[in-house]
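Be aware that the sequence shown starts at 486, since it is given in this note's numbering, and climbs by one per residue. Positions of the beta carbon are idealized from the N, C-alpha and C atoms, including for glycine. All of these numbers come straight from a predicted model, not from anything done at the bench. Below: one structure, written as C-alpha coordinates.
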Amino acid sequence: QLWTERDPRVPPHRRISPDGRPTEAEVAAQIRVEDEAEGLGLLAVQRKDTGEVIGYCGLVFHGTGAPDDPELAYELLQAAHGFGYATEAGRAVMVWAEAAGYRRVWAGVRDWNVASRRVLAKLDFRETGEVEPDAVHGDSLLTVREF
(Lines of atoms letter the chains of each structure in order from A and count residues from 1; the text may use other names and numbers.)
(Lines give C-alpha, C1' and ligand atoms only; values in the text may rest on other atoms or scores of the structure.)
Protein backbone atom coordinates (compact mmCIF):
# COMPACT_ATOMS: atom_id res chain seq x y z
CA GLN A 1 0.00 0.00 0.00
CA LEU A 2 2.87 2.40 0.82
CA TRP A 3 4.22 2.18 -2.73
CA THR A 4 0.85 2.85 -4.38
CA GLU A 5 -0.44 5.77 -2.28
CA ARG A 6 2.55 8.06 -2.77
CA ASP A 7 2.07 11.66 -3.72
CA PRO A 8 2.08 12.01 -7.53
CA ARG A 9 4.92 14.54 -7.19
CA VAL A 10 7.22 11.72 -6.03
CA PRO A 11 9.48 10.61 -8.91
CA PRO A 12 8.13 7.53 -10.76
CA HIS A 13 11.04 5.27 -9.76
CA ARG A 14 9.91 5.63 -6.13
CA ARG A 15 6.29 4.60 -6.56
CA ILE A 16 4.24 1.89 -8.25
CA SER A 17 2.54 3.06 -11.42
CA PRO A 18 -1.17 2.51 -12.10
CA ASP A 19 -0.21 -0.46 -14.31
CA GLY A 20 1.59 -2.10 -11.36
CA ARG A 21 5.22 -1.40 -12.25
CA PRO A 22 7.51 -2.02 -10.58
CA THR A 23 5.78 -4.77 -8.65
CA GLU A 24 5.88 -4.80 -4.85
CA ALA A 25 8.13 -7.87 -5.05
CA GLU A 26 10.56 -6.01 -7.33
CA VAL A 27 10.65 -3.03 -4.96
CA ALA A 28 11.23 -5.30 -1.95
CA ALA A 29 14.00 -7.19 -3.77
CA GLN A 30 15.75 -3.93 -4.72
CA ILE A 31 15.63 -2.69 -1.11
CA ARG A 32 17.11 -5.99 0.11
CA VAL A 33 19.93 -5.85 -2.46
CA GLU A 34 20.77 -2.24 -1.52
CA ASP A 35 20.68 -3.03 2.21
CA GLU A 36 23.02 -6.01 1.81
CA ALA A 37 25.46 -4.02 -0.33
CA GLU A 38 25.50 -1.04 2.03
CA GLY A 39 25.52 -2.79 5.40
CA LEU A 40 22.72 -0.54 6.64
CA GLY A 41 19.05 -0.69 5.90
CA LEU A 42 15.45 0.19 6.44
CA LEU A 43 13.54 -1.06 9.46
CA ALA A 44 9.81 -1.63 9.65
CA VAL A 45 7.94 0.94 11.73
CA GLN A 46 5.21 -0.74 13.75
CA ARG A 47 2.50 0.61 16.00
CA LYS A 48 3.19 -0.43 19.59
CA ASP A 49 -0.48 -1.08 20.38
CA THR A 50 -1.37 -3.24 17.36
CA GLY A 51 1.93 -4.36 15.82
CA GLU A 52 0.68 -3.10 12.46
CA VAL A 53 3.50 -2.18 10.07
CA ILE A 54 2.91 1.44 9.08
CA GLY A 55 6.10 2.29 7.19
CA TYR A 56 9.87 2.21 7.33
CA CYS A 57 12.76 4.20 8.78
CA GLY A 58 16.49 3.64 8.66
CA LEU A 59 19.87 4.60 7.30
CA VAL A 60 20.99 4.16 3.70
CA PHE A 61 23.92 5.23 1.56
CA HIS A 62 22.69 7.07 -1.52
CA GLY A 63 25.38 9.66 -2.08
CA THR A 64 23.54 12.49 -0.35
CA GLY A 65 26.00 14.64 1.56
CA ALA A 66 29.44 13.12 2.17
CA PRO A 67 30.31 9.66 0.75
CA ASP A 68 30.93 7.97 4.12
CA ASP A 69 27.92 9.47 5.89
CA PRO A 70 24.53 7.73 5.82
CA GLU A 71 21.22 9.26 4.87
CA LEU A 72 18.07 9.01 6.99
CA ALA A 73 15.15 7.59 5.02
CA TYR A 74 11.59 7.19 6.26
CA GLU A 75 8.07 6.93 4.95
CA LEU A 76 4.75 6.10 6.55
CA LEU A 77 1.33 5.14 5.30
CA GLN A 78 -0.89 8.19 4.92
CA ALA A 79 -3.20 6.89 7.66
CA ALA A 80 -0.24 7.04 10.07
CA HIS A 81 0.63 10.67 9.36
CA GLY A 82 0.27 13.26 12.10
CA PHE A 83 0.71 10.99 15.14
CA GLY A 84 4.43 11.50 15.76
CA TYR A 85 5.45 8.04 14.51
CA ALA A 86 8.03 9.38 12.03
CA THR A 87 9.63 11.53 14.73
CA GLU A 88 9.70 8.64 17.21
CA ALA A 89 11.22 6.24 14.67
CA GLY A 90 13.70 8.87 13.49
CA ARG A 91 14.82 9.54 17.06
CA ALA A 92 15.50 5.85 17.62
CA VAL A 93 17.54 5.65 14.42
CA MET A 94 19.51 8.79 15.36
CA VAL A 95 20.34 7.30 18.80
CA TRP A 96 21.63 4.19 17.03
CA ALA A 97 23.61 6.26 14.45
CA GLU A 98 25.37 8.24 17.17
CA ALA A 99 26.15 5.08 19.18
CA ALA A 100 27.52 3.47 15.99
CA GLY A 101 30.01 6.32 15.68
CA TYR A 102 28.60 8.30 12.78
CA ARG A 103 29.49 11.98 13.01
CA ARG A 104 26.85 13.16 10.53
CA VAL A 105 23.61 11.94 9.02
CA TRP A 106 22.12 13.57 5.94
CA ALA A 107 18.55 13.73 4.65
CA GLY A 108 17.11 14.99 1.42
CA VAL A 109 13.57 16.35 1.40
CA ARG A 110 11.36 17.88 -1.31
CA ASP A 111 10.65 21.56 -0.75
CA TRP A 112 6.88 20.95 -0.85
CA ASN A 113 7.01 18.25 1.86
CA VAL A 114 6.35 20.50 4.84
CA ALA A 115 5.50 17.62 7.19
CA SER A 116 8.83 15.86 6.57
CA ARG A 117 10.69 19.13 6.93
CA ARG A 118 9.05 19.52 10.36
CA VAL A 119 10.05 15.97 11.34
CA LEU A 120 13.65 16.64 10.33
CA ALA A 121 13.69 19.88 12.34
CA LYS A 122 12.44 17.99 15.42
CA LEU A 123 15.30 15.53 14.89
CA ASP A 124 17.79 18.45 14.93
CA PHE A 125 18.53 18.39 11.20
CA ARG A 126 19.31 21.77 9.68
CA GLU A 127 18.92 22.84 6.09
CA THR A 128 22.34 23.33 4.48
CA GLY A 129 21.23 25.74 1.76
CA GLU A 130 22.10 23.19 -0.93
CA VAL A 131 19.23 22.66 -3.35
CA GLU A 132 18.90 20.15 -6.18
CA PRO A 133 16.52 21.86 -8.61
CA ASP A 134 13.72 19.75 -10.07
CA ALA A 135 10.96 21.61 -11.90
CA VAL A 136 8.89 18.44 -12.30
CA HIS A 137 8.92 16.88 -8.81
CA GLY A 138 9.93 19.85 -6.64
CA ASP A 139 13.36 20.95 -5.53
CA SER A 140 15.21 18.65 -3.14
CA LEU A 141 16.69 20.34 -0.06
CA LEU A 142 19.74 18.87 1.66
CA THR A 143 19.67 18.70 5.47
CA VAL A 144 22.25 17.44 7.96
CA ARG A 145 22.47 16.47 11.60
CA GLU A 146 25.85 16.50 13.29
CA PHE A 147 26.58 14.66 16.52
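Local conformation of residue i per DSSP, three classes
i, result
"Y570", "helix"
"W581", "helix"
"A565", "helix"
"A620", "coil"
"L608", "coil"
"A551", "coil"
"T613", "strand"
"G575", "helix"
Nearest candidate by alpha-carbon position, reference residue i, set the options
i, options, result
"G536", "G575, A551 and Y570", "Y570"
"R595", "A551, E573 and L627", "L627"
"R576", "W597, N598, A551 and A606", "A606"
"A564", "R532, E631 and H547", "R532"
According to DSSP, residues forming a beta bridge with residue i
i, result
"Q531", "V538"
"W591", "E556 and V629"
"G543", "L527 and A558"
Span separating the alpha-carbon of residue i from that of residue j
i, j, result
"G586", "L544", "13 Å"
"S601", "F610", "11 Å"
"R603", "G593", "13 Å"
"R589", "L525", "15 Å"
"A699", "V629", "The question about residue 699 has no answer, for the chain in this structure spans 486 to 632."
> If you pair each beta-carbon of the segment 574–590 with each one of the segment 550–565, do three or more pairs fall below 8 Å?
Replying inline: yes
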